[in-house]
Amino acid sequence: MMVGVTLLLTGVLVSGILLHKANQNTAYVSTPSERPNFIIILADDIGWGDLGANQPGQRANNTPNIDLLALQGLRLTDFHSPASTCSPSRAAILTARYGVRNGVTHNFAVRSVAGLPLSEVALPRLLQESGYYTAMIGKWHLGHCGPYAPTSRGFDYYLGIPYSNDMGCTDVPGSDLPPSQPCSAGPQGEPRVGLPLLENCTVVQQPLDLWTLTLRYRDAALRIIHSARQRKQPYLLYVALAHMHVPLAPPPASFSTNELDGGRDVYAASLQEMDDLVGALKRASDETNRDNTLIWFTGDNGPWEKKCQYAGSVGPYTGTWQTSRGGGSAKQTTWEGGHRVPTVAYWPSRIPANTSSHALLSGMDIFPTLLSMAGLKPPVDRRYDGIDATDVLLNGDQTGREFLFHPNSGASGLFGDLQTIRAGKHKAFYITGSAEACGGGRGTQLLHDPPLIFDLGVDQAEATPLDAGAPEYQEVLGKVTKAREELLWDIATDQSVSAADYTQDQSAAPCCDPQRASCRCPGPAGG
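Under numbering that gives the first Met the number 0, the first residue of the sequence shown carries the number 0, and numbering increases by one thereafter.
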């Protein structure tokens, strides 16, 4: 166990110092009368290679609207989700803290009684308290109603699914592809909980209709954007789309997965549907307050390889060292395909068009960057792992993080342990492991002491580690060793660490009517 503790975390002290330094040198300061609007779009299980702008000409372009954001804004090519699975990534984005600090190290379940610890302060709360109107559309996955619900964590309005869209049954095949069993076909009489749609804390449809969900999301988001002038206050709109988690695009008139090019057409259609929604949000923003609205598009983690033809593309980040030994190297892993995500920032009056940045950044950096742009400072009673990336977004600075740590997310080791470290262009693995690959294969978890170190500058596929005897290896090893030691001390002295409650109870599942099968809502709403 002491070995696990020793390998647990590395380098947060360094990143915390960076945040403090960045806040002292803020490049953009807004006044209350001109504070910017923020639209944050988080795509679920999207691959770095799914964005057409990341691989121009290499595959069919299914993201013309997101590509337009990149053409008219900034493409961040070395941007990473804070974890390689849903709940930990979302918690870290909203708190600017690794899961070992905010307590969320793995996913919450349908019957989870809790969520993001109440001791954690989320980004929407800070913006709300400063006068922002805050709204969220889409997947939450950080706790159900009560004190853990979005409207209890700083959002004025919420419409969406409380967890992933494959965590409940539906009446229309499409909660997964190939089609899952409908709610009426529970195995051996086992009760099946219908997938709920919540508005604020009210179940408005259960089971929901996935095929009309995008339209409902779009209409709600557009109302929020267009009503901003009437509210006369800046806004945060957080849109968390679950399109890539399982395909959501409408099925053809005669539904048959065998007719859909083995599933690739289905995935492409789902990607296009998400892209259409992003385009609608951009057009509405441009029509209302184009010069004072930041749109930031990114992903929560990489593709889910076990979905085979229904999974996205990691591009060149194939994790070849691992895949050659068995298993997958995307979602749930700390290989690049698990956490390097397509990311674009768009703000016509502030971000130069058609630019790109190779600065090393994380989803945790959204929190301090938005606060900085809104003229706010984070609470001083806790330590943070995000950095203020304002200079990168607005001034072309190519300097990002010195170190970034990737938490174990299910493929190997203990959940949340930080045993993979980026140091500039190098990446060190103290543990390796794989997720389930297409076809079901998995590799073997391996500990590495000394660590495997790859040079991503010449080896995007993570195929060949550096020779442990080479001077380059020894130099990098010295850096990551020091960062690990600093982090261990930082965690040991951190009084703000939270612990999430992962207890489950049948009564915790969102349920419109417990007396009806699948918790079905009576009347038209639930069918």
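Think of the CB as a built atom: it goes at the ideal place given N, C-alpha and C, for glycine as much as any other residue. Computed from a predicted model, the values in this text were never measured in an experiment.
> Between the segment 77-86 and the segment 332-341, do three or more beta carbon pairs fall short of 8 Å?
Replying inline: yes
>> Am I right that residue 154 and residue 135 are in contact with their C-beta atoms under 8 Å? What's the rounded C-beta distance?
In response: 5 Å
>> Using only the alpha-carbon positions, how far apart do residue 170 and residue 160 sit?
In response: 16 Å
> In whole angstroms, what separates the C-alpha of residue 459 from that of residue 316?
Replying inline: About 5 Å.
> Going by the CB atoms, is the gap between residue 350 and residue 72 shorter than 8 Å?
Replying inline: yes
> Of the residues 386, 369, 424 and 314, which one's Cα is nearest the Cα of residue 357?
Replying inline: 424
>> At the level of alpha carbons, what is the spacing between residue 371 and residue 115?
In response: Those two C-alpha atoms are separated by around 24 Å.
>> Can you find the residues in the same chain that come closer than 8 Å, C-beta to C-beta, to residue 166, ignoring five residues on each side of it along the sequence?
In response: 108, 109 and 194
> Looking at the structure shown, is residue 159 part of a helix, part of a strand, or coil, going by DSSP?
Replying inline: strand
> On the three-state DSSP scale, how would you describe residue 295?
Replying inline: strand
> Assuming residue 369 and residue 391 make a contact with CB atoms under 8 Å, what is their CB distance in whole Å?
Replying inline: No, residue 369 and residue 391 are not in contact; Cβ-Cβ is about 13 Å, not under 8 Å.
> Going straight from the alpha carbon of residue 38 to that of residue 296, what length do you get?
Replying inline: Rounded to the nearest whole angstrom, the CA to CA distance from residue 38 to residue 296 is 8 Å.
> residue 320 and residue 461: beta carbons closer than 8 Å?
Replying inline: Yes. Within cutoff.
> Measuring CA to CA, which of 401, 399 and 420 is closest to residue 407?
Replying inline: 420
> In three-state terms, what does DSSP make of residue 224?
Replying inline: helix
> Who are the Cβ neighbours of residue 147 in its own chain at under 8 Å, not counting the five residues just before and after it?
Replying inline: Listed in chain order, the non-local C-beta contacts of residue 147 below 8 Å within the same chain comprise 113, 114, 115, 117 and 141, local neighbours out to five positions each way being set aside.
> Quick one, which of 472, 270, 163 and 53 has its alpha-carbon nearest residue 450's?
Replying inline: 472
> Whose C-alpha, out of 499, 270, 163 and 510, is nearest the C-alpha of residue 310?
Replying inline: 270
>> My assumption, with CB atoms under 8 Å, is that residue 318 sits in contact with residue 442. Please give the rounded CB distance.
In response: Actually they do not touch by this definition, with Cβ atoms about 10 Å apart.
>> Could you tell me the alpha carbon to alpha carbon distance between residue 236 and residue 265, rounded to whole angstroms?
In response: Roughly 28 Å between the two C-alpha positions.
> Once you ignore the five residues that flank residue 157 on each side, which residues in its own chain have a CB closer than 6 Å to its CB?
Replying inline: Around residue 157: 135, 149, 150 and 199.
> When you compare only the Cα positions, how much space is there between residue 26 and residue 279?
Replying inline: Confidence at residue 26 is low in this model, with a pLDDT of 49, below 50, so the placement of that residue is unreliable and no value is reported for it.
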